[in-house]
Each structure stands twice: as structure tokens, then as C-alpha cells.
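Undergrad: To start, I am sharing the structure in question, which I have written as C-alpha cells.
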Ligand SMILES: [Zn+2]
Ligand SMILES: [Zn+2]
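Here you go:
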């Protein structure tokens with residue numbers, strides 16, 4: 344037998360049968376159901392609801408809670424993650440999180456269980472076709488916190504039972520309640536399971552393949568806006584690899600990150616707390632470093648002279664320092680403004696003064712951002728083949 348670099352032996356026929364069998368059952372079952380009963384909106388709605396419920400248990404539970412501990416929650420939400428997460432049939436949380444922590448720690452190497460450098464197909468689904476051969480000590484050494492959790496151990500022990508119950512029996516029963524048990528199994532069970540699984544698989548493949556890398560260039564993870572809606576926000580993967588403890592993946596308010604909103608809603612209901620957020624200056628620092636790195640790579644590629652390097656670098660460092668200072672000043676003013684607002688007995692005049700201060704620092708930040716963007720754009724317009732021309736353009 345051939346042993347792969349990740350210690351997996353070919354082949355796991357149980358996994359292969361499941362991963363090939365479920366799409367076939369979904370396709371044949373859905374075709375049969377439409378042929379016999381016509382298209383029924385309830386069936387699609389049923390599949391979507393199960394997709395949302397189980398998908399969020401994977402992204403918000405398996406991933407952001409158990410693998411990354413990006414927030415805290417009590418037993419009710421933990422149970423939701425464990426029981427509904429099992430319905431996605433993506434392994435117990437113990438195994439899932441252990442693999443995922445290896446992925447982050449050893450990304451793009453042979454120890455990465457879904458290493459994209461072994462090909463798109465392998466990272467997407469191929470890696471699941473192989474048997475696990477690492478010893479329990481080796482496999483679980485990065486999840487000591489989960490091994491200590493009795494609920495996690497309970498889910499791991501009863502995982503096969505939970506899969507049958509939650510992935511197949513439960514949707515059948517919901518369908519039966521509406522007089523459509525078989526359609527419930529087909530749409531809420533098979534069709535939904537295929538969609539949820541490939542949504543997760545896309546993070547390991549497409550989110551390491553398509554899209555820009557605004558926060559880190561040292562690994563293959565990408566930010567990918569079109570994966571955002573499909574994967575409940577997990578598509579902003581470059582940010583996630585850089586700041587994996589953050590409960591958000593789509594860090595900007597306009598980035599579609601359903602999981603971030605789900606966690607916020609759980610906090611609003613008192614079911615989650617201590618959400619971890621990366622401070623804005625750190626996020627900015629990462630972005631600026633990447634943009635500087637790009638300019639430096641470009642200068643190296645075109646063989647710019649040392650004099651030019653020095654000149655451009657000093658402009659970049661000055662622009663970056665101005666931008667970071669403006670960000671720090673704005674953050675400080677915002678904290679002060681909020682604390683003044685909460686202070687009992689503060690006069691309206693004091694509020695107005697702090698609000699004016701905040702507006703001032705916001706304008707300064709916006710100005711620094713514009714100047715930085717202008718500088719980077721001007722450097723990116725530099726001619727490729729004429730280093731002499733660079734000094735005037737820079
Ligand atoms: Zn992750
Ligand atoms: Zn990744």
C-alpha cells in the first residue's frame with residue numbers, strides 16, 4: 344500500500360461510498376420526486392432550512408467555536424453545534440477540529456490534511472478518500488481542550504448514531520409531519536447533505552485557489568467575495584488565516600458573513616459571549632504590510648536601483664506611519680466618545696465637543712487613507728521596463 348505524506352493510507356471505501364452515494368441518491372431522488380409529484384416549493388424550502396441550520400452549526404460551531412474558540416457559549420448552544428453539526432456528516436467535532444487545527448498550523452505543507460498544493464481535487468474532496476493512519480496521540484495532540492470536554496467526547500462516541508438520526512431520520516419525520524416523508528428524506532436529507540458538505544469542501548479548495556490576498560502573502564488562503572454567501576461567510580479566508588481567533592471572517596460590515604451575524608444574534612440572546620475581535624490597527628498593519636510587500640516585489644522584479652529602492656521605501660514608510668497614527672488617534676477618540684456618552688450626568692455640550700473631535704479624527708483618517716491609496720496606485724503605475732523612469736514617477 345502507498346502511504347501518503349499526511350500519513351493516510353489509500354483508500355477509505357466507507358467514505359468513498361458515502362461521498363459518491365449521497366450525490367447519486369440526491370440526484371436520482373430529486374428527479375424521481377419532481378417526475379412523480381412535480382416541483383413542490385415546500386421541498387426546496389425544507390432543504391434550505393436544513394442547509395441553514397446544519398451549515399451554521401458547522402461554520403459557527405465546528406469551525407469558529409470548537410476549532411478556533413473565537414467566542415464563548417454555554418451548554419445549550421454547544422448542544423446545538425454538536426447535534427445539528429453531526430447532521431452535516433463531516434465527522435465528529437473532535438476529528439474535524441483536530442484536522443482543522445493541523446490545517447492552520449501547517450498550511451500548504453505535507454502535514455496540512457487538505458493541502459491545496461496537492462491539487463484542487465485533493466484539497467476539495469480527495470483527502471477524505473484516504474484512511475486515517477496517525478496514532479490517536481499524534482492526531483489529537485492539538486485538541487487537549489476538546490478531549491477534556493464531556494459533551495465533545497459524548498458526540499464523538501455517538502457520532503454514527505447522531506448522523507443517522509439527525510441527517511436522515513429527522514428530515515424524514517419533518518417531511519412526514521407535512522405528509523411527505525420520502526420527499527423529506529430526499530430534500531432535507533440527501534440533497535441538503537450534499538450541498539452542506541461541498542460548501543465546506545469549497546473552503547479547503549476554492550478559498551485557497553481563487554481571490555486576492557489582502558492580509559497575508561505567506562500562504563495560499565484567499566479572500567473570495569462570491570464564496571461568502573455560499574459558505575455563510577467562510578470565503579473571506581485570507582483574513583481568517585491571518586486572524587484565526589477572530590469570530591468574524593468577513594471583517595467589513597458589507598462583507599456577507601452569515602456566521603458572524605449568527606454569533607452576534609446568539610450574543611444578543613445571551614447564548615454567546617466574549618466574542619474575540621482583532622483590533623482595527625492590527626488589521627490595518629497587516630494590509631499595509633501586504634501592500635508594501637507587493638511594491639517591493641515589483642521593484643525587485645524590474646531590477647530597480649538601490650537609490651530608487653531607498654527613495655520609495657522612505658515614502659512608503661512615511662505614508663504607512665501617517666496612516667497608522669491616524670488610525671490610532673481615531674480609535675482613541677472613538678473609545679473616549681463612547682465612554683463620555685455612557686457617563687451619567689455629562690452635559691449636551693460635552694457630548695457635542697467629543698462628537699466634533701471624533702469627526703475631526705475620522706476626516707484625518709480618511710485623508711491618510713486617500714494619500715496612502717494614491718501612493719500605492721502611483722507606484723503600481725510605474726513602468727515595468729524602465730527603472731530610470733521610476734524616480735520621476737515615484
Ligand atoms: Zn479555520
Ligand atoms: Zn484554509
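Numbering (the working numbering), first residue to last: 344 to 737.
Ideal Cβ positions, reconstructed from N, Cα and C, are used throughout, including at glycine.
Here the structure is a predicted model, which is why all the values come from computation and not from measurement.
So is residue 445 buried or exposed if we call it buried at 16+ other beta carbons inside 10 Å?
TA: buried
Undergrad: Rounded to whole angstroms, what's the CA-CA distance from residue 629 to residue 558? Just pull it up for me.
TA: 5 angstroms
Undergrad: Quick one: grab the DSSP three-state call for residue 474.
TA: strand
Undergrad: Which whole-angstrom value describes the C-beta separation of residue 589 and residue 620, a residue pair presumed to lie in contact below a C-beta threshold of 8 angstroms?
TA: That pair is a contact at about 6 angstroms.
Undergrad: When we look at the beta-carbon of residue 504 and count the other beta-carbons within 10 Å, is it buried (16 or more) or exposed?
TA: Label assigned to residue 504: exposed.
Undergrad: Grouping DSSP H, G and I as helix and E and B as strand, with all else coil, what is residue 555?
TA: coil
Undergrad: For residue 501 and residue 358, I'd like the C-alpha separation in whole angstroms.
TA: Rounded to the nearest angstrom, the two C-alpha atoms are 18 angstroms apart.
Undergrad: So, for residue 567: in the same chain, excluding its five sequence neighbours on each side, which residues have a beta-carbon less than 8 angstroms away from its beta-carbon?
TA: 549, 550, 553, 554, 578, 579, 580
Undergrad: Do residue 697 and residue 683 come within 8 angstroms of each other at the CB atom, strictly closer than that value?
TA: yes
Undergrad: Where do the ends of the alpha helix (DSSP H) carrying residue 723 lie?
TA: 691 to 723
Undergrad: At 3 residues or longer, what runs of the beta strand (DSSP E) sit wholly inside the stretch 580 to 635?
TA: none
Undergrad: Note down, in chain order, each residue of its chain lying with its Cβ closer than 8 angstroms to the Cβ of residue 546, except the 5 sequence neighbours on either side.
TA: Within the same chain, residue 546 has close Cβ partners 570, 574, 577, 578, 580.
Undergrad: Quick one: measure Cβ to Cβ for residue 403 and residue 602, integer angstroms, because I've assumed they're closer than 8 angstroms.
TA: 5 angstroms
Undergrad: Pick helix, strand or coil for residue 442, following the three-state DSSP scheme.
TA: helix
Undergrad: How many Å lie between residue 739 and residue 544 at the Cα?
TA: For the chain, the structure presents residues 344 to 737; residue 739 sits outside this window and is missing.
Undergrad: Between the stretch 449 to 466 and the stretch 528 to 539, can you find at least three pairs of beta-carbon atoms closer than 8 angstroms?
TA: no
Undergrad: Could you tell me which uninterrupted alpha helix (DSSP H) segments, each at least 4 residues in length, are contained entirely in the stretch 663 to 688, listed from first to last along the chain?
TA: none
Undergrad: Quick one: is residue 584 buried, meaning 16 or more other Cβ sit within 10 Å of its Cβ, or exposed?
TA: buried
Undergrad: With a Cβ-Cβ cutoff of 8 angstroms, do residue 419 and residue 607 count as a contact?
TA: no
Undergrad: Evaluate contact between the stretch 353 to 368 and the stretch 465 to 477, counting only Cβ atoms and requiring at least three cross-stretch pairs below 8 angstroms.
TA: yes
Undergrad: Is residue 410 near ligand 1, going by C-beta to nearest heavy atom under 7 angstroms?
TA: At least one heavy atom of ligand 1 is nearer than 7 angstroms to the Cβ of residue 410, so yes.
Undergrad: Do the CB positions of residue 431 and residue 540 come within less than 8 angstroms of each other?
TA: Cβ distance < 8 angstroms, so residue 431 and residue 540 count as in contact.
Undergrad: Please confirm whether any heavy atom of ligand 1 lies closer than 7 angstroms to the CB of residue 443.
TA: For residue 443, the distance from the CB to the nearest heavy atom of ligand 1 is below 7 angstroms.
Undergrad: Tell me which residues share the same chain as residue 409 and place their Cβ nearer than 8 angstroms to its Cβ, disregarding the 5 neighbours each side in the sequence.
TA: 424, 436, 439, 440, 489, 495
Undergrad: Taking C-beta to C-beta, are residue 509 and residue 426 nearer than 8 angstroms?
TA: yes
Undergrad: DSSP three-state label for residue 566, please.
TA: strand
Undergrad: Using the Cα positions of residue 658 and residue 624, report the straight-line distance between them to the nearest angstrom.
TA: 20 angstroms
Undergrad: Between the C-alpha atoms of residue 709 and residue 719, what's the straight-line distance to the nearest angstrom?
TA: 15 angstroms
Undergrad: Residues in the same chain with beta-carbon distance under 8 angstroms from residue 667, minus the five sequence neighbours each way, listed in chain order, please.
TA: Same-chain partners within the cutoff: 624, 627, 628, 631.
Undergrad: Using a 10 Å radius around the Cβ and a threshold of 16 neighbouring Cβ atoms, would you call residue 741 buried or exposed?
TA: The chain is shown only over 344 to 737; residue 741 falls outside these bounds and no answer can be derived.
Undergrad: So what's residue 456 in DSSP terms, helix, strand or just coil?
TA: coil
Undergrad: Would DSSP call residue 481 helix, strand or coil?
TA: helix
Undergrad: On the DSSP letters alone, give me the boundaries of the alpha helix (DSSP H) that residue 358 sits inside.
TA: Segment 356 to 380, the alpha helix (DSSP H) holding residue 358.
Undergrad: Name, in chain order, the residues that DSSP records as bridge partners for residue 353.
TA: 473
Undergrad: Excluding the five sequence neighbours on either side, which residues of its own chain have a C-beta within less than 8 angstroms of the C-beta of residue 499, listed in chain order?
TA: 435, 436, 437, 438
Undergrad: Please list the terminal residues of the continuous alpha helix (DSSP H) segment that includes residue 504.
TA: Under the DSSP assignment, residue 504 falls in the alpha helix (DSSP H) whose first and last residues are 502 to 506.
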